[in-house]
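This report refers to the structure that appears directly beneath it.
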Amino acid sequence: MRFATLAVHAAHDIDPTTGAIAPPLHLSTTYARDAELRLVGEHQYIREGNPTQSQLERALAPLESGEAALVLSSGMAAAAAVLQSLEPGAHVVLPDDAYYHMRAIAHDFLPRWGMRASIVDMADLGALRAALTPQTRLVWLESPSNPLLKVVDLVGAIAAARAAGALTAVDNTFATPALQRPLELGADVVLHSTTKYLGGHSDVQGGALVFRRRDGLTERVAEVRQVLGGVSSPFNSWLVLRGIRTLACRVEAQSRSALAVARALESHPAIAAVHYPGLEGHPNHEVARRQMSAFGAMMSLRIQDGEAAAKRAVGRLRLFTRATSLGGVESLVEHRRTSEGAHGTAPPELIRLSIGLEHPDDLIADLEQALSV
Ligand SMILES: *Cc1c(COP(=O)(O)O)cnc(C)c1O
């Protein structure tokens, strides 16, 4: 079945008691037992699981070609749950260009949990191989990466990790399963901030993990979620379930527009570089072509005249909303260093764009007026 069809039909159950097409929203925190003390249904208590969350998990697993999925309260709760499922003494390798708070986890939290982290440029497989040790339990990958849109050769990185006996986790938030399915390339677990494209409307926070196999890793992460409590609310699961029904067409249209915007800006005199994997000049364009069906709707621009000019251009945009985050129907722009705060590593002249569902001609016109001095 093609992805677009799967996105509409995965776990699209008709409610047997009412015939409702839209999924019921179960807000109950607790579930009854019968006179013999047997649970009436499959659920007992909301922190352990609830029907709306289970329905979302049954929808997510096939979208990423996995055997099991776990939904959590945010992308960071999902990332933390994977790391907290490892033992003290474990060594984790993380990418140098990664979601900002992953670096905070590496620096501030892994040592507290008795783990060690190495940060490497994952676009350089030699650097990854050199960082692997007999204690390495997990290699964390993000492709395309935030905010530099680096592309990692997932097949190569997964093979290197496997040869060293380490698991691989791939943050697939930017690409979404509509464009890239890391589990099919051999990764063990995929992470989504469902706050972004899977929710798709800038109105829900959530995280999800999809596992290639339902095995010990799935069980350990499920235990972390159940005991430490990073569970999602039923309404948030319901909103993400609603969002994924239109994922394929949203991401397809947004990717098409992003390519048009990137091409229009590529040779603009005010711009020093456009970081977008769909441009032939991107250093890993060929790898992106191999592992993605389109190049996504995130890009970063480096402004020729530096930080002040970058901030000025952001201030002059009219159609793009100045806000962090991504993946909604409306286009967003941010001066990334401003959003990252004191410990940010984004280049000061970098602007990050999340391309929405507006017509690309209008977006290009807005960018051109903002960049003209
Ligand atoms: C937003 C984001 C996260 C964190 O997700 P939250 O839902 O905000 O916790 C992780 N990875 C990437 C690539 C993101 O964009």
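Here the sequence shown stands for residues 1 to 373, where the numbers follow the numbering used here.
Glycine included, C-beta positions come from ideal geometry on N, C-alpha and C.
- The beta carbons of S300 and S331 sit no closer together than 8 Å.
- Just measuring C-alpha positions, the residue of R225, E280, W140, S232 sitting nearest A187 is W140.
- When Cβ pairs closer than 8 Å are counted between the two stretches, the segment 38-54 is seen not to touch the segment 147-159, the count staying below three.
- Residues of the same chain with a CB within less than 6 Å of the CB of Q84, apart from the 5 flanking positions on each side, are V224 in chain order.
- Counting of Cβ neighbours within 10 angstroms places M1 among the exposed residues, the total staying below 16.
- Counting only unbroken stretches of 4 or more residues, the alpha helix (DSSP H) elements lying wholly within the segment 53-95 are 75-84, in sequence order.
- Where A178 is concerned, there is no enclosing alpha helix (DSSP H), because DSSP gives it neither an H nor an E.
- Exclusion of the five residues before and after E334 leaves V314, R322, A323, T324, I351, R352 as the residues of its chain whose Cβ lies within less than 8 Å of its Cβ.
- Taken from the Cβ of S202, every heavy atom of ligand 1 lies 7 Å or farther away.
- Set against 7 Å, the gap from the CB of Y31 to the closest heavy atom of ligand 1 is not smaller.
- Bridge partners of Y45 according to DSSP: T30.
- Between Y276 and H282, the gap from beta carbon to beta carbon is short of 8 Å.
- CA-to-CA, the gap between E142 and D171 works out to about 5 Å.
- Here H268 carries a coil assignment [DSSP, helix/strand/coil].
- About 4 Å separates the CB atoms of G207 and G75; that is less than 8 Å, so the two are in contact.
- Ligand 1 has a heavy atom closer than 7 Å to the beta-carbon of K196.
- C-alpha of L319 to C-alpha of D366: approximately 6 Å in a straight line.
- Shortest gap from the CB of N146 to any heavy atom of ligand 1: under 7 Å.
- DSSP places A127 inside the alpha helix (DSSP H), whose first and last residues are 125-131.
- Taking the Cβ of D171 as the reference point, at least one heavy atom of ligand 1 falls within a distance shorter than 7 Å.
- With contacts defined by Cβ atoms closer than 8 Å, T52 and P234 form a contacting pair.
- Where W140 is concerned, the enclosing beta strand (DSSP E) starts and stops at 136-142.
- By the criterion of at least three beta-carbon pairs nearer than 8 Å, the segment 167-183 is in contact with the segment 284-304.
- Less than 8 Å separates the beta-carbon of M122 from that of P95.
- Close CB contacts of H101 within its chain, under the 6 Å cut and outside five residues either way in sequence, are with M76 (chain order).
- In this structure, DSSP gives G207 an extended state, which the three-state scheme calls strand.
- A heavy atom of ligand 1 is found nearer than 7 Å to the CB of F174.
- According to the DSSP assignment, R302 belongs to the beta strand (DSSP E) that extends over 298-303.
- In the three-state reduction of the DSSP assignment, R352 falls in the strand class, which pools E and B.
- The closest CA to that of C249, considering only L72, A297, S193, is found on A297.
- In this structure I21 is exposed. Its beta-carbon is surrounded by fewer than 16 other beta-carbon atoms within 10 angstroms.
- For R336, there is no enclosing beta strand (DSSP E); the enclosing alpha helix (DSSP H) has its first and last residue at 336-340.
- Residue side-chain check: G207 places its Cβ nearer than 7 Å to a non-hydrogen atom of ligand 1.
- The C-alpha of G356 lies about 6 Å from the C-alpha of G328.
- Apart from the 5 residues on each side of it in sequence, L132 sits with its Cβ closer than 6 Å to the Cβ of A164 in its chain, given in chain order.
- In the three-state scheme derived from DSSP, where H, G and I count as helix and E and B as strand, R312 is classed as helix.
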